[in-house]
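*Asks:* Chains as they are written, first to last, in this note's numbering: chain A, 1 to 318; chain B, 1 to 318; chain C, 1 to 318; chain D, 1 to 318; chain E, 1 to 318; chain F, 1 to 318. Even glycine gets a Cβ: it sits at the ideal position worked out from N, Cα and C. Have a look at the structure that comes next, please.
Protein chains: 6
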Amino acid sequence: MKEKYVRDLRPDSQVRSTFLVQSKERKTANSGAAYLDLTLQDTSGAISAKLWDYSERTTPAFEADDIVQVDGYVENYRGAPQVRVRKITLCPPEEVSLLDYLPRTRRDPEEMYAALLERVRRMAEGPIRALLLSILENPALAEKYKLAPAAMSYHHAFLGGLLEHVSSLVALADRTADHYPWLRRDLLIAGLVLHDIGKIEELCFTRGFRYSTRGQLLGHITMALEIVQAQIRKIPGFPDELKSELEHIILSHHGKLEFGSPKEPLFAEALVVHYLDDLDSKLEAMRQQYALDQDRPGDWTGRNPALKRELLKPRQKG
Amino acid sequence: MKEKYVRDLRPDSQVRSTFLVQSKERKTANSGAAYLDLTLQDTSGAISAKLWDYSERTTPAFEADDIVQVDGYVENYRGAPQVRVRKITLCPPEEVSLLDYLPRTRRDPEEMYAALLERVRRMAEGPIRALLLSILENPALAEKYKLAPAAMSYHHAFLGGLLEHVSSLVALADRTADHYPWLRRDLLIAGLVLHDIGKIEELCFTRGFRYSTRGQLLGHITMALEIVQAQIRKIPGFPDELKSELEHIILSHHGKLEFGSPKEPLFAEALVVHYLDDLDSKLEAMRQQYALDQDRPGDWTGRNPALKRELLKPRQKG
Amino acid sequence: MKEKYVRDLRPDSQVRSTFLVQSKERKTANSGAAYLDLTLQDTSGAISAKLWDYSERTTPAFEADDIVQVDGYVENYRGAPQVRVRKITLCPPEEVSLLDYLPRTRRDPEEMYAALLERVRRMAEGPIRALLLSILENPALAEKYKLAPAAMSYHHAFLGGLLEHVSSLVALADRTADHYPWLRRDLLIAGLVLHDIGKIEELCFTRGFRYSTRGQLLGHITMALEIVQAQIRKIPGFPDELKSELEHIILSHHGKLEFGSPKEPLFAEALVVHYLDDLDSKLEAMRQQYALDQDRPGDWTGRNPALKRELLKPRQKG
Amino acid sequence: MKEKYVRDLRPDSQVRSTFLVQSKERKTANSGAAYLDLTLQDTSGAISAKLWDYSERTTPAFEADDIVQVDGYVENYRGAPQVRVRKITLCPPEEVSLLDYLPRTRRDPEEMYAALLERVRRMAEGPIRALLLSILENPALAEKYKLAPAAMSYHHAFLGGLLEHVSSLVALADRTADHYPWLRRDLLIAGLVLHDIGKIEELCFTRGFRYSTRGQLLGHITMALEIVQAQIRKIPGFPDELKSELEHIILSHHGKLEFGSPKEPLFAEALVVHYLDDLDSKLEAMRQQYALDQDRPGDWTGRNPALKRELLKPRQKG
Amino acid sequence: MKEKYVRDLRPDSQVRSTFLVQSKERKTANSGAAYLDLTLQDTSGAISAKLWDYSERTTPAFEADDIVQVDGYVENYRGAPQVRVRKITLCPPEEVSLLDYLPRTRRDPEEMYAALLERVRRMAEGPIRALLLSILENPALAEKYKLAPAAMSYHHAFLGGLLEHVSSLVALADRTADHYPWLRRDLLIAGLVLHDIGKIEELCFTRGFRYSTRGQLLGHITMALEIVQAQIRKIPGFPDELKSELEHIILSHHGKLEFGSPKEPLFAEALVVHYLDDLDSKLEAMRQQYALDQDRPGDWTGRNPALKRELLKPRQKG
Amino acid sequence: MKEKYVRDLRPDSQVRSTFLVQSKERKTANSGAAYLDLTLQDTSGAISAKLWDYSERTTPAFEADDIVQVDGYVENYRGAPQVRVRKITLCPPEEVSLLDYLPRTRRDPEEMYAALLERVRRMAEGPIRALLLSILENPALAEKYKLAPAAMSYHHAFLGGLLEHVSSLVALADRTADHYPWLRRDLLIAGLVLHDIGKIEELCFTRGFRYSTRGQLLGHITMALEIVQAQIRKIPGFPDELKSELEHIILSHHGKLEFGSPKEPLFAEALVVHYLDDLDSKLEAMRQQYALDQDRPGDWTGRNPALKRELLKPRQKG
């Protein structure tokens, strides 16, 4: 259990807590002495740190991406807090929870997951329900599904981001299917639950977020297909046509070839998955940018990297 | 009141009814005699017609786009019905209702319009509500708003299509704002009611659908701005910021420069207007294509011109 | 065994042979009598045919894509031969060989396949060789691999086209690997043998060539992955890294996102597969165009649809 | 009246003059003492300045974009002059003329404006002349028209730039209409006078050049339409067709959708406005680059941001 | 000397004149008899013609692109005149002037050429003048320069079109250089005289316009370089820098790589050549379209193939 | 003869050798004293150097791109070797060989050239062989051909790079022509030998690699044409058709207009030249990147600028 979070560190105070080492660089001071220039991070943010008079012999070994116990003092450096490290030791990984050290959803992943499962269980019996449950109730998949970010950056780029994104999409899909009752609701919901499942293997998120080598070679769309095909093989009598339709929804959800979908959406539910996914991602990116820049002077936010433009901040309340 | 509709004409029967002349061409038979090759249309469809032994002196004058009273006999020509015209006379325009002669919404425009007005009246007092009512309660604008198609082709290309499209969008926007409660609901709804209002002047729809000359020179986005600006001038104290935001929503609703929007959406409600408009248009285009091709053999519809692809017909019910 | 081929039909002679019905249309003559307008085809070409005085009651039933026994007389119609059908009856499909009725490779598929197998067997023992043999020696896959065309049109669009294309590519790869000895030759050859294997399910080729519904939804790249993954699951201890590399070669072989590859080639052998595939396809398209237009007057061929240009015919011999 | 210009400041001399504060940053010296790092600007250029031993209590308040009276000493810092500020006080805005502090046209705006007015007055009586005079003789519009830059950067990015650009265009249009006498000269000239008038509200130019919020939301094309439409409403009987044509010229003057024109030029004068505008802008950008780099060694200028290329410097005189 | 032009042929009259055979097709009448379906053309237009009861033995031999003497009768066929040919014989090519049989400039090529030469002779002595004269006074080049069309279609696609286009450009360039006096006028004029000179070999225009084989392989830009380089080699001491600049103007005059210019304009005169060429071509295409459609009902012309849009016809006179 | 290479310099040792001055900048130390900040280079790499207490009067004059004799001491600066210069003097250019100072092929240019010549001499007698020999045996051209790099960066960007690239291509072409025996082998080889010959004038490579002014204005494709045309003029009776084909191969070898080829390949050998050139360049760029990053941790290389992507490093040996 972490004792103190980066967000709460104030200059001129002692600090003793655990952190993730985001970066570690050995440098030489003007005096010629070696020191370590570190960035320490936890789920609340990141802070610069210095370990002066560094020597490989006396300082315990640790690397970037390790979790460490730090004992030090918070100073004010050029107007920002910075930790002067007195003592630093490696933490055993089994004692820590990732959610404490990486950016994470503000909501409870377990609760979101339970709600998602509950929604799927309310579906009519049939192959779609069977497939979704075989995936969501699979412990290995479930553990990753709860933690995975939805993207490396841009939107929902935090632990639990995939789940938060999908939860929003499923609720939005229910409203959309209420509005267009001729849509096949269960196919739509299945498409949304599965469309980004490849992210759980495309991305590495047990430390800083990174693409896995296989993720970089194949991409999450192809990886999602393999996961879903493996589950379908376990369900006797799963209809071939339905299988093709689900695979197509996954394949086409980026909407265009140049965005990495080798097929464009060829039926209504595939089109809706693409539009809702795109809309929810972009609105979340906007919401985050508004929050980030709410105290920034002027009418405009900074440039949003997902939308590649500055945004007009909301003025009057609608 | 029309007596008979194209859809109901059967070979080997008499016909006496009014029609819109879609096309009229003077041709010469192998015998050397002149005849008229006509296409007659009403809201239910179009049919080929021939007037043999044509002479300018004896046949009453009429042109394409006129409404005519036809007296004739329905024959079978190469497997399709065709009218052999005995007598044809011009109909006075004031006696006919356009809704009988052009493709039209299956719903009642008056009812849809009343529902839209009622929704707007439920808004909180304020400049947005005032603006929308000043437009929707303006008799000249209202009359056109009820009849305008939403497009020349592609989607909602029928009388009342604009209203049907907007009615769907406003209801969808209410669901979307329920889902994302931080959106400014009234701004969103105003954006949707106004985004395509330029269509009422961009398109001519009192006969076959055509672009007006001014519509072709300026486009419906620019024309919508002029209509909305004119109404805003009549509302004392309309906030400048709100005016800019509404204008921006209209301007940016095509989403990209290459689709004719000189600005991309720069705040959340503008983005949502673009996405919902695009989604509703494409789903309606898909729905129409499914309906058109439901009896076509095979898994696929014909090529849909709006989506530029064949569509997989819905198979199992969702 | 077919008795006579389209290529050999001459005006003013009897014909009695079997053909594939490419198209069949019921028409009405000026006299009002019904007749059938047919196109008959076999591997050597296609010919127009007429069955006059057609009646559903007396003429045996058959449809487009059926193989029929035809008894008739070859006439000259506007300078081209045309069959006047006297008698037409359905042929039982089990009695015919597809190779007689569809455009096909000029080479012997069995021989090409044997040579390909022999080349693979010469590889060093290991997972690549094991995978290729498990596929090429699988009777169900082998049967399709021997017959599949390499494309719907453009290049190698004939029975055995896939195999002819792959055989050329494997030989070209051996030469290329001789030239660049640092390339991993077996990975390259495996990539070429597998890159288009999805075509055996993307295309239907037991009658006229068509996309299968699943083929249109997923595309041959995605289908190739599923076939290869299924075979790899049967090989214990197949290395994960090698699996990812083979999958990547298949995925990236179109070279660019806009050509349907969700990933661009990320290592040398993937790049070479893309280039050789592209070069061999385009050279074959050119070679076919040269052959087609060798007697055409002037310096240029007609427009080649694969290359989207006219070609300069080869003049002096190099 | 400014006493001294940046261009004339020499190291090792006293300076006492007024400047616009381009940027102001509070920094901390190695000694721990606070100081201000400033950039001071006037119409002749910009210079770095330092105010050492800064304290909020004793230094008079001022911000970036203010005009200040500076008392100091010019030093040589790393080969460039830099002001060591002794005393700095805010100047009342009503006492200064913008033309002294911002980059500006080398020509006299009043003279250019008078010439433009005179040219318009020479037109034949009629609605075009009436419209142009109603705009050019409107004092509020005239004041802005004389000062506005033609762009944020790229070309004519200085006070009076719009007027200089339009003056050049009108003279060029007269020559072009002499060459192509079938062009409607007055329509062409009106199009050029009005095409960029939206810049007077799209840009803020009373301090450093910036986009206004409304400018960023709507763009100068849409803003020009509103200005022109407002003037046309005041002219009784202004022909509808002419109004549409002028609006179209404004709308289409960027030539292509992807450059922000929702319509491409649809008649000859609109096409000519687009070409002349583009040519004059690019030639001015080239001329400025040649002037800037005339002493640069080698055959090439630096990269020109408007043309996105290096330019060959003019060698022999033509 | 031609006796009668297509434009003057009236139904129910004899015709005896020479024409160019635009197309010739052997057809079979319903009766089984062979006849020739011809299109005859001269500079004023084209007309359909029939030679009934055709026999290879009795009718004199001629081919498409030959010039023939025709003796016949003009009939009315479906409302249009058509020649019933009685007698047709080949004309010796040396007896005819191309200008009579192909679309041609309305102006006198000799006069235009003389004016162009005169303009060049007015240049200051120097290498530019020397080069232009060496080309324009070269009889072989001059003969082609006077006749070449400026394009296959789109603009100035008639005999003398290149010369008409260049004459317009040179006059326009003089006006432009008056306006921008810092431009190197002679370089500009030389660039315009030479930019399209490759057309004289890219196109074949001694009969119907066609690309030459070499023209299709290399394009007129590359061919212009070869012509110009050959002339420069004959001028001792021609400056290297000037040579490069002229070559660059020719190379870059299409403005962008995707329009076939391997380099974009890199100095002012090259830019101006590109803009003037583009403007003059498009204005001429517009002018031709206006002329063609001046009696067409409605506000719009038909679709212009060069500009790929319909044009608004000029309404009020400017 | 160079005494010592950059690659062999070790901290804490004396150095006395010749180097090329890559860059030279006069700076001021904190103490106010002037010093020179230099980068010295030879074929093995580059190293930073400092000349302290610099004075224009006492230090011998030299500039960037000069070759200098340096006498100094190698220090360790921030973990990297750096030369403290004691004495520096200019070297006479005639005493040095470029191959010692610029990055160069690892192979012997003379040997490669001899092999290329020998291959050409083995061709059948005829105009192709005559042309190639006239070029390759021309001493002025040969000297440049042996030294020219194949590109400014990206691939073969070193002395001898063009020759190494062409040598590889010619050998690859022989293998390709063995595989596709219907290709005109000599035309293919001639195309490859000549396709990039313009590089010998487009690039300056007697010091750091740079574009020549003429190279930047015209590009190597246009320059290659001029070189080849000049040689062809010297060969009596060189066939026109063959000339056009060779010119076309050169012109089209970039494959697409947007890559600077004004024509796309229009016959088979031109297509093969484009593909082989592209493949060999990209494979060489990959090979270099693999070599550069072989000791870099992880599965991926750094971003390759030619391919614009990271590359997967080869893992198992193929």
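Start and end of the alpha helix (DSSP H) containing F/Tyr72?
*Replies:* In the sequence as displayed, the identity of residue 72 of chain F is Gly instead of Tyr. Unbroken run through F/Gly72 is the beta strand (DSSP E), 67–77; no alpha helix (DSSP H).
*Asks:* Do the stretch 33–52 of chain B and the stretch 74–84 of chain B touch if we need at least three Cβ pairs shorter than 8 Å?
*Replies:* yes
*Asks:* Quick one: does A/Tyr145 have its CB under 8 Å from some CB of chain B?
*Replies:* no
*Asks:* On the three-pair Cβ rule with 8 Å, is the stretch 18–32 of chain D touching the stretch 299–314 of chain C?
*Replies:* Here the stretch 18–32 of chain D makes no contact with the stretch 299–314 of chain C; the two share fewer than three CB pairs at distances below 8 Å.
*Asks:* Applying the criterion that 16 or more other CB atoms from any shown protein chain within 10 Å of the CB defines a buried residue, is E/Gly160 buried or exposed?
*Replies:* With a 10 Å radius around the Cβ and a threshold of 16 neighbouring Cβ atoms, E/Gly160 comes out buried.
*Asks:* Output yes if chain D places a C-beta closer than 8 Å to the C-beta of A/Gly318; else output no.
*Replies:* Note that A/Gly318 scores a pLDDT of 44, beneath 50, so its modelled location is shaky and nothing firm can be said.
*Asks:* Could you pull the start and end residues of the beta strand (DSSP E) that B/Ala49 belongs to?
*Replies:* Counting along the chain, B/Ala49 sits inside the beta strand (DSSP E) bounded by residues 45–51.
*Asks:* Any idea if A/Leu292 is buried or exposed, counting beta-carbon neighbours within 10 angstroms, 16 or more meaning buried?
*Replies:* exposed
*Asks:* Using the Cα positions of C/Glu245 and C/Asp186, report the straight-line distance between them to the nearest angstrom.
*Replies:* 12 Å
*Asks:* Between which two residues does the alpha helix (DSSP H) containing E/Ser281 stretch?
*Replies:* 268–292
*Asks:* Answer with buried or exposed for E/Gly318, where buried requires no fewer than 16 other C-beta atoms within 10 angstroms of its C-beta.
*Replies:* Residue placement at E/Gly318 is poorly supported in this model, since its pLDDT is 44, which falls under 50; the coordinates still yield a value, given next. Buried is the call here.
*Asks:* Tell me, please, whether the CB atom of D/Tyr154 is closer than 8 Å to any CB atom in chain E?
*Replies:* no
*Asks:* Please classify A/Tyr275 as buried or exposed, where buried requires at least 16 other C-beta atoms within 10 Å of its C-beta.
*Replies:* Buried is the call here.
*Asks:* Looking only at its own chain, which residues have a Cβ that is under 8 Å from the Cβ of B/Asp8, when we skip the five neighbours before and after it?
*Replies:* Ser44
*Asks:* Measuring straight from C-alpha to C-alpha, what distance separates E/Glu241 and D/Thr206?
*Replies:* E/Glu241 and D/Thr206 have their C-alpha atoms some 46 Å from each other.
*Asks:* If you compare alpha carbons, which of C/Leu266, C/His254, C/Arg303, C/Asp295 is closest to C/Leu279?
*Replies:* C/His254
*Asks:* I think A/Ala224 touches A/Leu194, with their Cβ atoms under 8 Å apart; what is that distance to the nearest whole Å?
*Replies:* 6 Å
*Asks:* Between F/Val96 and F/Ala148, what straight-line distance do the alpha-carbon atoms span, to the nearest angstrom?
*Replies:* Roughly 17 Å between the two C-alpha positions.
*Asks:* Could you list the residues in the stretch 181–202 of chain C with a C-beta less than 8 Å from some C-beta on chain E, going in chain order?
*Replies:* none
*Asks:* To be precise: take each residue of the stretch 53–84 of chain F, compare its Cβ to all Cβ atoms of chain A, and keep it if any distance is under 9 Å. Which residues remain?
*Replies:* Arg78, Gly79
*Asks:* Determine, using beta carbons only, whether A/Leu117 and A/Leu136 come nearer to each other than 8 Å.
*Replies:* Yes, these two residues count as a Cβ contact at 8 Å.
*Asks:* Show which residues of chain C have a CB atom less than 9 Å away from the CB atom of B/Leu312.
*Replies:* Thr213, Gln216, Leu217
*Asks:* Which residues of chain E have a Cβ atom closer than 8 Å to the Cβ of F/Ile221, listed in chain order?
*Replies:* Pro262
*Asks:* Answer yes or no: does any C-beta atom of chain A fall closer than 8 Å to that of D/Ala28?
*Replies:* Residue 28 of chain D is actually Thr in this sequence, not Ala. Cβ-Cβ to chain A under 8 Å: yes for D/Thr28.
*Asks:* Excluding the five sequence neighbours on either side, which residues of its own chain have a C-beta within less than 7 Å of the C-beta of C/Gln14, listed in chain order?
*Replies:* Tyr73
*Asks:* Excluding the five sequence neighbours on either side, which residues of its own chain have a C-beta within less than 6 Å of the C-beta of A/Thr176, listed in chain order?
*Replies:* Nothing listed; no residue qualifies.
*Asks:* DSSP puts B/Arg303 in a beta bridge; with which residues?
*Replies:* B/Glu310
*Asks:* Counting only C-beta atoms, is E/Ser31 closer than 8 Å to chain F at any point?
*Replies:* no
*Asks:* Answer with yes or no whether the minimum CB distance from D/Ala321 to chain E is below 8 Å.
*Replies:* Residue 321 of chain D falls outside the range modelled here, since chain D spans only 1 to 318, and no answer is possible.
*Asks:* Where does C/Ala173 land, buried or exposed, given buried means 16+ other C-beta within 10 angstroms?
*Replies:* Here C/Ala173 is buried: its Cβ has 16 or more other Cβ atoms, across all protein chains shown, within 10 Å.
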